[in-house]
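Some notes on the structure that comes next.
Numbering (this note's numbering), first residue to last: 1 to 158.
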């Protein structure tokens, strides 16, 4: 890994982890109260799984974005891919605010559908710039898809 890529990776992983930390504050405030009263599907993972899963995903996302960034901001495809990356980060934060902060699984569902589509577009754009970057985003896409299913079931069960 060259020095430029290392620095970009540190910056973007830090940004992703900071977003996760902010979302975690909102999430933790609702876990013992409102969220604990919801009916959840039988395949809902244990709460202890979410933090390590998100940390892993944020690291992969940050490295993927750094790989794309390292190709050069003068390239239109890089700018487009990083714009989508930034947009999906905003949608990621909004989902937490809608679901846990506002206690609105319905608003969160609309957001997570848009988030999934945006991540899919981001994966394809990252792939076009650097295939490994696209591959590093796939676990995030799959996890958000699973989260969308959970979100839908929570709406249905409550």
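Don't be surprised by glycine CBs; every beta carbon is placed ideally from N, CA and C.
Quick one: Cα of residue 96 to Cα of residue 73, how far? 30 angstroms
Once DSSP output is grouped into helix, strand and coil, what is the label at residue 70? coil
Is it buried or exposed, residue 2, if we count other Cβ atoms within 10 angstroms and call 16 or more buried? exposed
So, is residue 69 buried or exposed, given that buried needs 16 or more other C-beta atoms within 10 angstroms? buried
Under 7 angstroms between C-beta atoms of residue 99 and residue 108: yes
Given a cut-off of 7 angstroms on the beta-carbon distance, is the pair residue 136 and residue 64 in contact? yes
According to DSSP, is residue 40 helix, strand or coil? coil
Sort 148, 76, 123 by Cα distance to residue 61 and report the nearest one. 123
Please state whether DSSP places residue 52 in a helix, a strand or coil. helix
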